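Structure first, then comments.
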Amino acid sequence: MQNETPNASMTFLAACPKGIEPLLVDEIKQLGGIVERETHLGVHWRGDIVTAYRFCLWSRLASRLLLPLQDSQVDNVEELYRVANLVDWPVLFPVKASFRIDFHGRTDYLNNTQFGAQKVKDAIVDRFRDDVGGRPSVSKDADIRIEAQLRKGRLALYLNLSGDSLHRRGYRLQPGKAPLKENLAAAILLRAGWPQMAAEGKHLVDPMCGSGTLVMEAGMMAADIAPGLNRRKWGFDAWLGHRRDVWLSEVESARERRTAGLAAMTNRLYGFDVDGGQLSAAAHNLSRSSLAGKAHFEKRDIRQLRIQQDTVAEGGLVVCNPPYGERLSELPQLAPLYQAFHDATMTLPQWSLAVFTGNVDLAKSIRRPLEKQYKFMNGQIPTRLLLFGAADERSQQPQASMIRGPVEAFANRLKKNLKQLNKWAKRENVHCFRLYDADIPEYAVAVDRYQDWLHVQEYVPPKSIDEAKAERRLLDILAVLPEVTGIDSANIVLKRRERQSGRKQYEKQNTEQHFFNVQEGRVLLRVNLKDYLDTGLFLDHRPTRLFIAEQAAGKRFLNLFCYTATASVHAAVAGAHCTSVDMSRTYLNWGRDNFALNDIAPDEHDFIQADCLQWLAEQGAAEPGKANKGYDLIFMDPPTFSNSKRMEGVLDIQRDHINLIEQAMACLNPGGLLIFSTNLRRFDMDRDALKEFEIKDVSSKSVPLDFSRRQNIHHCFHIRRD
113 MQNETPNASM TFLAACPKGI EPLLVDEIKQ LGGIVERETH LGVHWRGDIV
163 TAYRFCLWSR LASRLLLPLQ DSQVDNVEEL YRVANLVDWP VLFPVKASFR
213 IDFHGRTDYL NNTQFGAQKV KDAIVDRFRD DVGGRPSVSK DADIRIEAQL
263 RKGRLALYLN LSGDSLHRRG YRLQPGKAPL KENLAAAILL RAGWPQMAAE
313 GKHLVDPMCG SGTLVMEAGM MAADIAPGLN RRKWGFDAWL GHRRDVWLSE
363 VESARERRTA GLAAMTNRLY GFDVDGGQLS AAAHNLSRSS LAGKAHFEKR
413 DIRQLRIQQD TVAEGGLVVC NPPYGERLSE LPQLAPLYQA FHDATMTLPQ
463 WSLAVFTGNV DLAKSIRRPL EKQYKFMNGQ IPTRLLLFGA ADERSQQPQA
513 SMIRGPVEAF ANRLKKNLKQ LNKWAKRENV HCFRLYDADI PEYAVAVDRY
563 QDWLHVQEYV PPKSIDEAKA ERRLLDILAV LPEVTGIDSA NIVLKRRERQ
613 SGRKQYEKQN TEQHFFNVQE GRVLLRVNLK DYLDTGLFLD HRPTRLFIAE
663 QAAGKRFLNL FCYTATASVH AAVAGAHCTS VDMSRTYLNW GRDNFALNDI
713 APDEHDFIQA DCLQWLAEQG AAEPGKANKG YDLIFMDPPT FSNSKRMEGV
763 LDIQRDHINL IEQAMACLNP GGLLIFSTNL RRFDMDRDAL KEFEIKDVSS
813 KSVPLDFSRR QNIHHCFHIR RD
């Protein structure tokens, strides 16, 4: 057991995020500690209780300060209990205090951290019962926190003197959408050289500040504010070795330094962002700190970055943690965002730049001299801090064409496709069509044009393809698309195309509403490129929908598996009465909206929410043997496979197409036509089982020019009675 008298030297373990250890070593030395060794767990160091208190108050980098209690080899659960029971716990904290166990690590004989925590808890409680005749209570929000680490057969027990993580300074109650932890933000600023700049009276700008963490941490450094000064609870509060008089003396000293630092501070701190919600969080965080009036937050786009000219002349640091594409949907807008960041910071040509990113490829748009880079971990995301110097001649050059290197092959193919398809689309009055579909295997995406928008679907690369290489190719694609097509990056939507089953195909991918109208033939249709897996319009069925429009006048039209009822809209505009059946209420409502968009009253037509297999079976059972069910034209485009909970059983189109077709034909009037389509590439129509019908394969006519590279994109048949 360590001696906790004020001047006695004790050993501590300071834990921190990965990549920060060297900085933490320097910080410990500056605070008066003696560093013993640096490990993957953190930094082991020695110091007295005064230094420990000072560390808790002033460490900008650590996560926890741990006081080692026991470290022993344990080979089974019984030994784990015995070692934990050896610690003289009643000397550490009173029986009236509550405690909790934070257990980390596993072994062959113990692979459940909850069970490990329970055994340590039992050992502590039993020791209290044996020594003082009572037991402390266990609480999640405990007075005392014990950390247990079981690694490579050794159990290490620590008293957590800091309590809650030291990155929680007390000012940030509204963290924002993707916040940096405060100690990581501090590490970024230290690596960027901000403390020296602050001492020289220089200034700081964060043009994408989010909830303001980098700005706040920079202000606390500039004003000499101890990061732990606002915290109200510490892990040592109930520790029997706690010296309250010594602690209060350190707190008072820190308060005096804060007062003096704020009075002397001349640095200007700016945080800008386009997200009002983020800025509101930043303003609330600022109000809870000591920096009110010392930092300025404002809603402003990166392209409108500007500050006072006298501030520009005095110099400083631009520091930024821009988004770096951890969410796939962000990628289309990120390359232009980094380019905009470069352009905006050229108004501060002599300032230093510090960019913290998980995607170094995106940062290549920043054309300043790269002076240093450091590796960090932002949670589980490997990241880099890139430090750029003042702008040079290259920085002033305009952005070169993105069409260079391997992606030039993709760009040339896209140009070739555009030349052919634009003429065809103009001649045929087609506004939505496929531009590219994995024409070059290395660039495995499908690119669809929806008027002034691009919908890009990435085919999941095989596991044999290096993940970094696949992402590089995807970024190259997104970079050249605006240049080749003339469509702004803000109008490019990216998704990953994966096989979906059950309800996933119906579920929203986002919470916002991104609908707009497109024209097809004589009708307008609502599409949504962002919120759902599919867009509401299957482009490869365009010829079939236009054929239905030609055939539908005065007829009764049945649309099975109708999706958003786009075929029904064409039929209704042509003068048909339509019945649309689907099991998704979302898509049926979308279909009603499509009708209303074309001035057709949805209530004058039938929209039925049902499993089409069950609905067809019920139609046949209603009047057995009767062939005339009242439909002159039927379109059926079932999914290849479905196991939705809304269905009874499972649909397998290869297995079930005979029954589906027979039941649909039973609903067809004499002389009527059933159009059956499927996107199962290897579909084989069982003509022998359906020999009573006339079946004509019209797939070659139903696949449009823009899908001509994939003639098997779907199979389509016209089926009549002999």
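In terms of our numbering, the sequence shown opens at residue 113 and continues consecutively. Yeah, the Cβ is synthetic: ideal placement off N, Cα and C, and Gly gets one too. Quick caveat, the model's predicted, so the values are computed rather than measured.
- request: Check E632 in the structure and name its three-state DSSP category.
  value: Looking at E632 - three-state DSSP - the assignment turns out to be strand.
- prompt: Where do the ends of the beta strand (DSSP E) carrying W565 lie?
  reply: It spans W565 to Y571 - the beta strand (DSSP E) in which W565 sits, taken as one unbroken run.
message: Checking 8 Å against the spacing of the C-beta atoms, do N342 and Y283 come in under that value?
response: Annotated as proximal: N342 and Y283, with beta-carbon spacing under 8 Å.
message: The alpha helix (DSSP H) that contains S601, what's its start and end?
response: In this chain, S601 is not harboured by any alpha helix (DSSP H), its DSSP state being neither H nor E.
- prompt: Which residue from M777, A686, E632 and N433 puts its Cα closest to that of N541?
  reply: Selected option, being the one with the closest Cα: E632.
- prompt: So, do the region 203-212 and the region 373-391 have three or more beta carbon pairs nearer to each other than 8 Å?
  reply: The count of Cβ pairs closer than 8 Å, one atom from the region 203-212 and one from the region 373-391, stays below three, leaving the stretches out of contact.
message: Just to confirm my understanding: we take K293, look at its own chain, exclude 5 residues before and 5 after, and list those with CB closer than 6 Å. What are they?
response: Within the same chain, H279 come within 6 Å of K293 by CB-CB distance, once the 5 residues on both sides are set aside.
- prompt: Do you know whose CA, among P434, R172, D422 and S251, lies nearest K289's CA?
  reply: The closest CA to that of K289, considering only P434, R172, D422 and S251, is found on P434.
- request: List in chain order: all unbroken beta strand (DSSP E) runs of 3+ residues lying wholly within the region 367-401.
  value: If we require 3 residues or more, the beta strand (DSSP E) runs fully inside the region 367-401 come out as 381-385.
message: Please identify the residue among F409, L772, C128 and G145 whose C-alpha is closest to the C-alpha of G732.
response: The option with the nearest alpha carbon to G732 is L772.
query: What residue does the beta strand (DSSP E) around K487 start on, and which one ends it?
result: That run of the beta strand (DSSP E) goes L482 to N490.
- prompt: Can you give the Cα-Cα distance for Q445 and I604, rounded to whole angstroms?
  reply: Q445 and I604 have their C-alpha atoms spaced approximately 8 Å apart.
- request: Alpha carbon to alpha carbon, how far is K538 from P736? Give it in angstroms, no decimals.
  value: Confidence at P736 is low in this model, with a pLDDT of 45, below 50, so its placement is unreliable and no value can be given for it.
field: S814, enclosing beta strand (DSSP E) - first and last residue
entry: For S814, there is no enclosing beta strand (DSSP E); the enclosing alpha helix (DSSP H) covers residues S811 to S814.
Paired residues, beta bridge with H315 - DSSP: Residue pairing by DSSP puts H315 in a beta bridge opposite G428.
field: Cβ pair count under 8 Å reaching 3, the region 233-247 against the region 192-202
entry: Contact holds: three or more Cβ-Cβ distances are below 8 Å.
- prompt: For P448, which residues from the same chain have a beta carbon less than 7 Å from its beta carbon, with the 5 sequence-adjacent residues on both sides left out?
  reply: Correct list, in chain order: S601.
query: Which residue comes first and which comes last in the beta strand (DSSP E) that contains R263?
result: Looking at the DSSP string, the run of the beta strand (DSSP E) that includes R263 is I256 to R263.
- prompt: How many whole angstroms separate the CB atoms of A901 and L169, which I take to be in contact at a CB cut-off of 8 Å?
  reply: For the chain, the structure presents residues 113 to 834; residue 901 sits outside this window and is missing.
Residues bridged to R832 [DSSP beta-bridge criterion]: According to DSSP, which records beta bridges pairwise, R832 is partnered with E806.
Integer-rounded CB distance, given that P319 should sit under 8 Å from I213: With a Cβ gap of about 44 Å, I213 and P319 do not count as contacting.
message: Contact defined as beta carbons within less than 8 Å: I believe R506 pairs with R479. What is the distance between those atoms, to the nearest angstrom?
response: A Cβ-Cβ separation of about 5 Å places R506 in contact with R479 under the 8 Å criterion.
query: By Cβ distance, which residues of its chain are closer than 7 Å to F719, with the 5 residues on each side in sequence left out?
result: Excluding residues within five positions, the ones whose Cβ falls inside 7 Å are S692, L700, G703 and R704.
- prompt: Hey, V685 and I712: beta-carbon distance below 8 Å or not?
  reply: Taking C-beta atoms as the reference points, V685 and I712 count as a pair closer than 8 Å.
- request: For my contact list, A683 and A664 are in at a C-beta cut-off of 8 Å; report their separation, rounded to the angstrom.
  value: At roughly 4 Å, the Cβ-Cβ gap stays under 8 Å, so A683 and A664 are in contact.
message: Tell me the rounded alpha-carbon separation between T698 and A475.
response: Cα to Cα, the separation comes out at about 40 Å.
- request: Measure the C-alpha to C-alpha separation of P518 and E139 and round it to an integer number of angstroms.
  value: Rounded to whole angstroms, P518 to E139 spans 46 Å at the Cα level.
Own chain, CB closer than 6 Å to T123, minus 5 neighbours either side, in chain order: So the list reads R158 and P180, once near-sequence residues are dropped.
- request: Going by CA-CA distance only, name the one from L587, C128, F829 and L728 that's closest to E442.
  value: It is L587 whose Cα lies nearest to the Cα of E442.
message: Starting from Y270, trace the beta strand (DSSP E) in both directions and tell me its first and last residue.
response: Taken as a continuous stretch (DSSP letters only), the beta strand (DSSP E) holding Y270 covers R266 to N272.
- request: Give the single residue among I825, P655, G783 and F669 whose Cα lies nearest to the Cα of S814.
  value: The residue with the shortest Cα to Cα distance from S814 is P655.
- prompt: For K467, which beta-bridge partners are listed by DSSP?
  reply: Per the sequence presented here, residue 467 reads as Val, with Lys not at that position. Note: V467 sits in a beta bridge opposite C432 and L498.
Chain-order list of residues whose beta-carbon lies under 7 Å from that of E410 (same chain, five-residue window excluded): Closer than 7 Å at Cβ, skipping near neighbours: F384.
Sequence-distant residues of the same chain with beta carbon closer than 7 Å to G324, five excluded per side: Excluding sequence neighbours, G324 sits near G383, A394, N397, L398 and F409.
field: Boundaries of the beta strand (DSSP E) in which G154 is found, first to last residue
entry: Its beta strand (DSSP E) spans residues G154 to G159.
- prompt: Looking at the unbroken beta strand (DSSP E) that takes in G331, where does it start and where does it end?
  reply: Run containing G331: none in the beta strand (DSSP E); it sits in the alpha helix (DSSP H), T325 to A334.
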